[in-house]
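Numbering (this note's numbering), first residue to last: 280 to 442.
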Amino acid sequence: MRFLQIALLAMAASFAQAEMKIAVVDMQRAVLASDEAKIAVEKFRAAKQDDIDTISKLETELKGIQDKIAKDGEIMSEDERRKLKNSFEEKATTYKFHRQNMQKAEQQELQQLAQAMEPKMQKALKTIIDENKYDLVVRPEMVIFNGPGTDITKLLLEQLNKK
Numbered sequence: 280m281r282f283l284q285i286a287l288l289a290m291a292a293s294f295a296q297a298e299m300k301i302a303v304v305d306m307q308r309a310v311l312a313s314d315e316a317k318i319a320v321e322k323f324r325a326a327k328q329d330d331i332d333t334i335s336k337l338e339t340e341l342k343g344i345q346d347k348i349a350k351d352g353e354i355m356s357e358d359e360r361r362k363l364k365n366s367f368e369e370k371a372t373t374y375k376f377h378r379q380n381m382q383k384a385e386q387q388e389l390q391q392l393a394q395a396m397e398p399k400m401q402k403a404l405k406t407i408i409d410e411n412k413y414d415l416v417v418r419p420e421m422v423i424f425n426g427p428g429t430d431i432t433k434l435l436l437e438q439l440n441k442k
């Protein structure tokens, strides 16, 4: 008798699960792909254009030094090679410094944007959940597999982009 009760309970649970409407949403991807985020990234890049140009220039100079060493390294004097190597190391250090600062600034900017958009995103997500009567909405990191039609990230993005 006890076995029959457990079996019936398991069957009832599986039927209840089958009726649940489940969706997956990547909120970070939706925020970063939104029109508001694109505008913020453009403004950030415009404000940081000098730094971007510096990084680009350093990349070009580093590539030039590498090419020169590869091409003429065997016929250079030891002193010339040492000077080029020192110049390369200096520029590489400067490049890493500027690159890391740019990445930190960009990361902070995106984090601030995500925080600023949080209320709007939650409201948009609530609207989608209510309209489509979802029982469960999870992040993609929590899912091993999701079938077609379960990802509502595009719907969230469309809702965020509504004026």
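For every residue, glycine included, the Cβ atom is placed at its ideal position computed from N, Cα and C.
Of 315, 428, 300, 298, the smallest CA-CA separation from residue 400 is found for 315. When secondary structure is reduced to three states using DSSP, residue 301 falls in the strand class. Under the criterion of beta carbons closer than 8 Å, residue 308 and residue 429 do not qualify as touching, at roughly 15 Å. By the CB criterion at 7 Å, residue 436 and residue 312 fall inside the cutoff. Counting only the Cα atoms, residue 323 lies some 40 Å from residue 300. Here the alpha carbon of residue 383 sits roughly 39 Å from the alpha carbon of residue 357. For residue 320, the three-state secondary structure derived from DSSP is helix. Residue 427 is not a Cβ neighbour of residue 305, given a cutoff of 7 Å.
Around residue 319, the same chain offers 392 as residues with beta carbons nearer than 6 Å, after the five sequence neighbours per side are excluded. A distance below 7 Å between beta-carbons, with the five flanking residues on each side excluded, links residue 403 to the following residues of its chain, in chain order: 435, 438, 439.
Closest option to residue 317, judged by alpha-carbon separation, among 409, 377, 341, 389: 389.
For the options 377, 387, 385, the alpha carbon positioned closest to that of residue 334 is the one of 377.
CA-to-CA, the gap between residue 343 and residue 375 works out to about 17 Å.
In the three-state scheme derived from DSSP, where H, G and I count as helix and E and B as strand, residue 414 is classed as coil.
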